[in-house]
Amino acid sequence: MSQMLDIQRLTKRFGPLTAVDDVSFSVEKGEVLGFLGPNGAGKTTAMRMITGFLPPSAGTAVVCGFDVTTSPIEVKQRIGYVPEGAPLYEDMTPEGLLGFVAEIRGLSGKDRDDAVARAADRINLGEVFQQPIGTLSKGFKRRVAVAQAILHDPDVLVLDEPTDGLDPNQKHEVRQLIREMSENKAIVISTHLLEEVGAVCSRAIIISRGKIVADGTPEELEARSTFYNAVSIRVANHKAEEMHAQLTQISSVASVNVVDSSAPIAHLMVLPQDGKPILTEISAFVRQSDFPVEEIRAEQGHLDEVFRSMTISS
Amino acid sequence: MNKSFTIAKRELAGYFTTPLAYVFIVIFLALMGAVTFYFGGFFNRGQADLAAFFSFHPWLYLFLIPSIGMRLWAEERKTGTIELLMTLPISTTQAVMGKFLASWAFAAIALSLTFPIWITVNYLGNPDNGVIVAGYVGSLLMAGAFLSIACFVSALTRNQVIAFVVAAAVCFMFMMSGLEMVQAAFKGWAPPFLTDLVASMSFLTHFDGIMKGVIDIRDVIYLLSTMVVFLFANVVTIDIKKGG
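Structure follows, in structure tokens:
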């Protein structure tokens, strides 16, 4: 079965507040789905329902063919979950905690020890394996939380803000790990960090006030940016105005924005018609004219701008 | 059931990884000794039995048992680990049973460490050891009943202090319900059957018989059913308000 996680019209109401509103999507094996949204958009609530912690008000999540509302134990057996903030029993050692989780998951004796050793090895817990979790750094705590989630080699991995509060090196490590594991699993990560989407996700969903407002690959989402395929030009300030006027004449150019004209080198942003690539045309124009251009660069589109426009307007 | 034992094992080990277990056991034993010898007049009675010892158990349990039970769920809520625990493949009943069994086993360990007094009374005279065994069984059952209340109250809050105070108050009401003080509060308005019902719920009444060596099946059933009721309430509470 390639479709490992199927969310069907999932809804959660807390009194008058609808935290998650009719959300549907599915995740296939090998996919890393980024679940994006501002704080309070309903990401955590949705994940808690998928993992069987909270009962949905309506709709359901189907994990490897098991419905979370009717077969929660079967679903929980197939999911590895790192809750928000990676809560752990702080008085236990990683060794004790992983052993406990392995036993609860039905492993005993040598199988249990092997699973614990494998997970600890994979996450590099060696040096802190027998220290109380309460004394560990944030990065190591996060690693322990990830280790307990992958202990039983689950088909579906749900990570709620896995890199929140980590330093850049630790973030890199966690992302590396997610990429390595993504091959034979369906992974859902929630985040409000946009760099994460480009770094690990094969697909992203933007959620705002409980509703899905965008769904696509990171590239597709970037294409919705007004800066997608725009060309950024830095030119000596005294020629900027003249160049601005000439650029506007080019037929494939929609408009030209002056980003910064106070410095000796002005910054112009050339926006294309209908998001079509215009770099060739603009660079040909620059070569023919003799404007003192310092830099010319194609823009990728800004995910954060798409994110902002989607989550504020809705 | 296996999973309950796994949880119980973890919880029980949890008592001993913090100073809580040692502090509790030392204070429990010291208080047990103090009340038995000073208030109970163990020597002055001139009798080879442990009535002076057992008769103070309900009073010590009143505040010592809530202190064992208060952390069980409140701490999980406070640290967020309840989300970790309840997304593992276990049922709520298994989790509740595991935690309750761990705390009950801990109470049993503390209680069993009072064995020197049994040795003492056997050294000094010829007590009826059957009565003493009955006393220990009754004491353990009562500890279980108190604990089930403490577990349930702990599931209602994320604050351990509140869990402790409320559990102690509820235990106190259960204990005293046979006495005039509580009865007076009901007599004015409640129908007689309700007053009698409240009176019949008293832990003291049920423990009294057992302590004297009479293990009446009704007393045992009463204490066991108290545990069942509160543990069931515990399961329902966790199911209803897991997130908050």
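Chain order of the listed sequences is A and B.
Just so we're aligned, residue 3 is where the first sequence starts under this note's numbering, counting upward by one.
Just so we're aligned, residue 27 is where the second sequence starts under this note's numbering, counting upward by one.
In this text, a Cβ means the ideal position worked out from N, Cα and C, and glycines have one as well.
Problem - Through-space distance from Ala100(B) to Ser28(A), alpha-carbon basis - result: 36 angstroms
Exercise for the section: For the alpha helix (DSSP H) holding Ala147(A), just list the boundary residues, first then last. Expected result: Lys140 to Ile152
Handout entry: Proximal chain B residues relative to Thr193(A), where beta-carbon distance stays under 8 angstroms
Key = In chain order: nothing, as chain B lies at least about 18 angstroms away.
Handout entry: Distance, Thr95(A) Cα to Cys203(A) Cα
Key = 32 angstroms
Handout entry: Beta bridge counterpart(s) of Ile158(B) as assigned by DSSP
Key = DSSP lists no partner for Ile158(B).
Practice task
Could you say if the segment 110-124 of chain B and the segment 49-58 of chain A meet the contact criterion of at least three C-beta pairs nearer than 8 angstroms?
Solution key: yes
Handout entry: Within chain A, partners of Ile241(B) - CB distance below 8 angstroms
Key = Under the 8 angstroms cutoff, chain A gives no residues; its nearest Cβ is about 36 angstroms from Ile241(B).
Practice task
Determine, using beta-carbon pairs with one atom in the segment 227-238 of chain B and one in the segment 132-152 of chain B, whether at least three such pairs fall under 8 angstroms.
Solution key: no
Practice task
Measure the alpha-carbon distance for Tyr91(A) versus Gly39(A) and round it to whole angstroms.
Solution key: 29 angstroms
Problem - 4 or more residues per run - each alpha helix (DSSP H) lying fully within the segment 55-105 of chain B - result: 77-80, 83-95 and 97-105
Practice task
Round the Cβ separation of Val308(A) and Leu179(A) to the nearest angstrom and send it over; I've been treating them as touching at under 8 angstroms.
Solution key: No, Val308(A) and Leu179(A) are not in contact; Cβ-Cβ is about 27 angstroms, not under 8 angstroms.
Handout entry: Nearest residue (CA-CA) to Gly66(B), options Ala74(B), Phe79(B), Val254(B) and Met253(B)
Key = Phe79(B)
Handout entry: Status (buried if at least 16 other CB within 10 Å, exposed otherwise) for Ser316(A)
Key = For Ser316(A), the predicted model reports a pLDDT of 47, less than 50, meaning its position is unreliable; a value from the coordinates is still stated below. Exposed, by the Cβ-count rule.
Problem - Thr47(A) - containing beta strand (DSSP E), residue span - result: First-last for Thr47(A): Lys45 to Ile52, but that is the alpha helix (DSSP H), not the beta strand (DSSP E).
Exercise for the section: Report back the beta-carbon spacing between Glu37(B) and Lys104(B) to the nearest angstrom; my notes put them in contact at under 8 angstroms. Expected result: That pair is no contact at about 16 angstroms.
Problem - Proximity winner among Ala238(A), Val199(A), Ser311(A) and Gln275(A), relative to Gly36(A) (alpha-carbon distances) - result: Val199(A)
Handout entry: Burial state of Leu139(B), where buried means 16 or more other Cβ atoms lie within 10 Å
Key = exposed
Problem - Alpha-carbon spacing of Ala259(B) relative to Leu249(B), whole angstroms - result: 16 angstroms
Exercise for the section: List the DSSP bridge partners of Thr193(A). Expected result: Leu38(A)
Exercise for the section: Indicate whether at least one CB of chain B lies closer than 8 angstroms to the CB of Arg107(A). Expected result: yes
Practice task
Please determine, among Met271(A), Gln251(A) and Ile267(A), the residue with the shortest C-alpha to C-alpha distance to Val260(A).
Solution key: Met271(A)
Practice task
Determine the direct distance from the alpha carbon of Gln150(A) to that of Arg114(A), and round the result to whole angstroms.
Solution key: 12 angstroms
Exercise for the section: Rounded to whole angstroms, what's the CA-CA distance from Leu281(A) to Ser291(A)? Just pull it up for me. Expected result: 15 angstroms
Exercise for the section: Establish whether the CB of Ser316(A) and some CB of chain B are separated by less than 8 angstroms. Expected result: Its pLDDT being 47, under 50, Ser316(A) is placed unreliably by the model, and the measurement read from it follows with that caveat. Judged by the 8 angstroms Cβ criterion, Ser316(A) is not in contact with chain B.
Exercise for the section: Check the DSSP bridge columns for Arg236(A) and list the partner residues they point to. Expected result: His269(A) and Glu297(A)
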